[in-house]
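Participant:
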Amino acid sequence: MNGFGRTVHSRENRRQSMSKPVAAFDTLARNDNLADEIAAQLRDRILKETLSPGQRLPTEQALGAQFGVSRNVIREAIARLKLTGLVETRHGVGTFVKQDIENRPFEIEQDDLLEFKQLIDVYRLRVEVEAGAAALAATHRTSAQLEAIKQALRQSGQHQDWEAGAKSAVDFHLAVSQASNNPYFTRIMGHLDSVIRDAVRTLRFRSMGTSRLEEVDAEHERIVDAIERQDANMARQAMREHLEHGINGYRNLFGN
Ligand SMILES: [Zn+2]
14 MNGFGRTVHS RENRRQSMSK PVAAFDTLAR NDNLADEIAA QLRDRILKET
64 LSPGQRLPTE QALGAQFGVS RNVIREAIAR LKLTGLVETR HGVGTFVKQD
114 IENRPFEIEQ DDLLEFKQLI DVYRLRVEVE AGAAALAATH RTSAQLEAIK
164 QALRQSGQHQ DWEAGAKSAV DFHLAVSQAS NNPYFTRIMG HLDSVIRDAV
214 RTLRFRSMGT SRLEEVDAEH ERIVDAIERQ DANMARQAMR EHLEHGINGY
264 RNLFGN
């Protein structure tokens, strides 16, 4: 069992839900999922250069026939690729793979996490970003932001319901990044959080009934304490240690 088990599994769930009776919402959801999947496949071809920079994509009609979906779904998939800077449309000519895809906006896709090593790589990025955010929070936080962090911590301490506990743990980390008062930290944190959320939730679920959750609370308290005392080095170190325990948790669960 690898870290990607959950992702693949949730895809399976989505496929199953696609075979339910077709109501209007189901159709919308199904088209969304199909567009996601087709966008992911096209993205893969572009990044592996089966579709090379500057190359024109087949027409919507041809792609629709190839994937067995409507042109609307293809249009949606292409809109997603445009958003991520992989293709551009020249009106009346067609859609092309962009020449400079290495300059596209920074983004980590769920598909980057299909291997355990990739999940760990993303997690390591998170460790460095969050340790830096915690250090900045110690020196830049306002008293209202400190209060928001404490409030998030109090809520994450009440985790009879693991689902709510997982959410407020995320809120705690976001509150710390906000207190850095550097919006780029908050943005990259939000992005990393959405990418690894499933993995974090899995880890938390598997930690239920173990001593790990109490440890997490104690580690969170050390972080808050350092931020309160405006000790940047301590905040950095406390956050790093906390997240590194998380990495070890993944290794124990999924590593081989
Ligand atoms: Zn935490």
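The opening residue of the sequence shown carries number 14 in this note's numbering; numbering runs sequentially from there.
No residue lacks a Cβ here, since even glycine has one placed at the ideal position from N, Cα and C.
For Arg139, I'd like the list of residues in its chain whose CB is within less than 6 angstroms of its CB, leaving aside the five on either flank, ordered along the chain.
Facilitator: For Arg139, where only same-chain residues beyond five positions count, the Cβ hits under 6 angstroms are Leu205.
Participant: Name the two residues that bound the continuous alpha helix (DSSP H) containing Arg103.
Facilitator: No alpha helix (DSSP H) holds Arg103; the beta strand (DSSP E) holding it covers Val100 to Arg103.
Participant: Quick check on the DSSP output: the alpha helix (DSSP H) that includes Phe185 runs from which residue to which?
Facilitator: From DSSP, the alpha helix (DSSP H) with Phe185 extends over Trp175 to Gln191.
Participant: Out of Asp244, Ala179 and Arg93, which has the shortest C-alpha to C-alpha gap to Leu47?
Facilitator: Looking at the Cα atoms, Arg93 is the closest of the given residues.
Participant: Which of helix, strand or coil does DSSP assign to Thr108?
Facilitator: In this structure, Thr108 counts as strand in the three-state DSSP scheme.
Participant: Grab the span of the alpha helix (DSSP H) containing Met202 for me, first residue to last.
Facilitator: Start and end: Pro196 to Ser220.
Participant: Look at the alpha carbon of Ile240 and the alpha carbon of Ala248, and state the distance between them as a whole number of angstroms.
Facilitator: Approximately 6 angstroms between the Cα atoms of the pair.
Participant: Is Ala182 near ligand 1, in the sense that its beta carbon is under 6 angstroms from a heavy atom of that ligand?
Facilitator: Checking every heavy atom of ligand 1 against the Cβ of Ala182, one is found closer than 6 angstroms.
Participant: When you compare only the Cα positions, how much space is there between Asp1 and Gly107?
Facilitator: Not covered by the structure: residue 1. The range shown for the chain is 14 to 269.
Participant: Give the straight-line distance between the Cα atoms of Ala75 and Asn116, rounded to the nearest whole angstrom.
Facilitator: Spanning the two alpha carbons is a distance of roughly 28 angstroms.
Participant: Within 8 angstroms, do at least three Cβ pairs link the stretch 58–71 to the stretch 97–107?
Facilitator: They touch, by the three-pair rule.
Participant: Measuring straight from C-alpha to C-alpha, what distance separates Val35 and Asn44?
Facilitator: Residue placement at Val35 is flagged as unreliable, the pLDDT there being 41, under the threshold of 50; the coordinate-derived value follows with that caveat. Each residue's alpha carbon lies about 12 angstroms from the other.
Participant: Between the Cα of Arg225 and the Cα atoms of Thr152, Leu256, Thr155 and Ser207, which residue gives the shortest distance?
Facilitator: Of the candidates Thr152, Leu256, Thr155 and Ser207, the one whose C-alpha sits nearest the C-alpha of Arg225 is Leu256.
Participant: Is there at least one non-hydrogen atom of ligand 3 closer than 6 angstroms to the beta-carbon of Arg58?
Facilitator: With respect to ligand 3, the structure shown offers nothing to examine, as its ligands consist of ligand 1.
Participant: To the nearest angstrom, how far is it from the Cα of Lys130 to the Cα of Glu141?
Facilitator: One C-alpha to the other measures close to 17 angstroms.
Participant: Alpha carbon to alpha carbon, how far is Phe218 from Glu143? Give it in angstroms, no decimals.
Facilitator: Each residue's Cα considered, the two are about 22 angstroms apart.
Participant: How many Å lie between Lys95 and His104 at the Cα?
Facilitator: In a straight line, the C-alpha of Lys95 is about 14 angstroms away from that of His104.
Participant: Closest to Glu232 by C-alpha separation, out of Leu64, Ile121, Arg137 and Ser169, would be which residue?
Facilitator: With distances taken between Cα atoms, Glu232 lies closest to Ser169.
Participant: Could you tell me which residues DSSP pairs with Arg69 in its beta bridges?
Facilitator: Note: Arg69 sits in a beta bridge opposite Phe109.
Participant: Tell me which same chain residues have a C-beta within less than 8 angstroms of the C-beta of Ile162, skipping the five on either side of it?
Facilitator: Contacts found: Ala150, Arg154, Phe185, Ala188, Val189, Ala192, Val237 and Ile240.
Participant: Excluding five sequence neighbours on each side, which residues of the same chain lie with their C-beta closer than 8 angstroms to the C-beta of Leu216?
Facilitator: These residues qualify, in order along the chain: Gly259, Gly262, Tyr263 and Leu266.
Participant: Taking the C-alpha atoms as reference points, what is the distance between Ser207 and Thr223?
Facilitator: Rounded to whole angstroms, Ser207 to Thr223 spans 25 angstroms at the Cα level.
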